[in-house]
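For the sequence shown, the residue numbers in my numbering are 88 to 286. Heads up, the beta-carbon is just placed ideally off N, CA and C, and yes, glycines get one too. Bear in mind the structure is a predicted one, so any value in this text is a computation, not a measurement.
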Amino acid sequence: MSIVRTHTGKNLDLANPNSKEICIEDIAHHLAKLDRYNGAGHYSYSVGQHSLLVADALPKEYKLQGLLHDATEAYLGDVVSPLKAMLPEYRRIEGQVMRAICNRFQITFPRPQIIKKADQAVMAAEMQQVVKWPVGPASGFAAVSAGYGDQAHGMAAGQRTISGTFSGTGERARPERWVGIVRLHNDAPGRYDPPRINT
């Protein structure tokens with residue numbers, strides 16, 4: 088049987104996902120209770136929290152797409168990336184579910200590259216601050232100047248920031264240590280620009 092039952096009692100057929108069965112209340116409820124990194128964080132950190140941070144890092148016209156970029160996990164769970172790479176059938180189903188979600192909320196499928204950039208920037212901060220994993224060449228992120236005379240390898244001296252370079256683009260992001268929120272900063276000393284990622 089390929090039916091997934093949701094918090095609100097809807098039934099989503101994974102073999103033939105119908106956008107009428109997609110419900111924002113289900114997505115919010117499920118993602119709020121689903122931990123990122125297979126539960127490896129030093130504290131509970133949900134896919135829902137991650138999604139809010141990605142949305143916050145994006146320009147207004149992309150916020151909904153940022154918020155819903157991991158919405159398939161509300162129906163499929165959060166499969167760790169190494170396993171997902173080994174399961175082509177899972178990726179096919181995930182694509183079908185994402186298409187149904189995008190149809191339901193009238194957003195672009197496949198998602199624009201700017202969403203991936205914001206996701207990677209937030210992930211770089213999470214790797215240092217949530218699971219305390221190194222950020223370096225193996226992760227696709229390189230240490231860059233925090234703009235305050237320090238070389239930031241995750242945490243800059245006297246600050247709680249992380250610097251990262253978007254893999255393959257040369258663009259820089261510096262999500263600040265958050266109390267409920269991550270914002271992207273530029274590298275200028277003492278300067279703050281509103282969170283924005285250019286396409």
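Cβ-based burial, residue i [other Cβ within 10 Å; buried from 16]
{"i": "I90", "result": "exposed"}
{"i": "P169", "result": "exposed"}
{"i": "F228", "result": "Residue confidence for F228 is low, a pLDDT of 46 falling below 50, so the modelled location carries little weight; the figure read from the coordinates is stated next. Per the 10 Å Cβ criterion, buried."}
{"i": "G95", "result": "According to the sequence displayed, residue 95 carries Thr and not Gly. When all chains shown are included, T95 counts as exposed."}
{"i": "I114", "result": "buried"}
{"i": "L55", "result": "Nothing in the structure corresponds to residue 55, since the chain is present only between 88 and 286."}
{"i": "V167", "result": "exposed"}
{"i": "A173", "result": "Per the sequence presented here, residue 173 reads as Met, with Ala not at that position. Exposed is the call here."}
{"i": "M88", "result": "exposed"}
{"i": "E213", "result": "buried"}
Unbroken alpha helix (DSSP H) run spanning residue i, endpoints
{"i": "L163", "result": "E160 to L163"}
{"i": "V184", "result": "P175 to F192"}
{"i": "H157", "result": "His is not the amino acid found at residue 157; the sequence shown has Asp there. No alpha helix (DSSP H) holds D157; DSSP gives it neither H nor E."}
{"i": "D122", "result": "Here D122 belongs to no alpha helix (DSSP H), and DSSP marks it neither H nor E."}
{"i": "L170", "result": "S168 to A172"}
{"i": "I109", "result": "Per DSSP, I109 belongs to no alpha helix (DSSP H) and is neither H nor E."}
{"i": "L140", "result": "V134 to D143"}
{"i": "V209", "result": "Q200 to Q216"}
Option nearest residue i by Cα separation, candidates the options
{"i": "P199", "options": "L145, G135 and Y130", "result": "L145"}
{"i": "A205", "options": "L151, I188 and N105", "result": "L151"}
{"i": "G164", "options": "I111, H117 and S131", "result": "H117"}
{"i": "L155", "options": "C189, L99 and A208", "result": "C189"}
{"i": "R186", "options": "R92, E108 and K97", "result": "E108"}
{"i": "D100", "options": "K203, D143 and Y162", "result": "Y162"}
{"i": "I202", "options": "E148, I111 and N103", "result": "E148"}
{"i": "E112", "options": "A211, T93 and L140", "result": "T93"}
{"i": "A142", "options": "Q207, Y130, S131 and Q216", "result": "Q207"}
{"i": "Q215", "options": "G182, E160, A127 and A158", "result": "A127"}
{"i": "A102", "options": "A158, G182 and V217", "result": "G182"}
The beta strand (DSSP E) enclosing residue i, as first and last residue numbers
{"i": "V91", "result": "I90 to R92"}
{"i": "L99", "result": "N98 to D100"}
The ligand COA heavy atom lying under 8 Å from the CB of residue i
{"i": "R178", "result": "The ligand content of the structure shown is nil, which means the ligand COA is not present either."}
Is the segment 186-196 in contact with the segment 118-134, if contact means three or more CB pairs nearer than 8 Å? no
Closer than 8 Å is the cut-off here; do at least three beta carbon pairs connect the segment 129-146 with the segment 175-188? no
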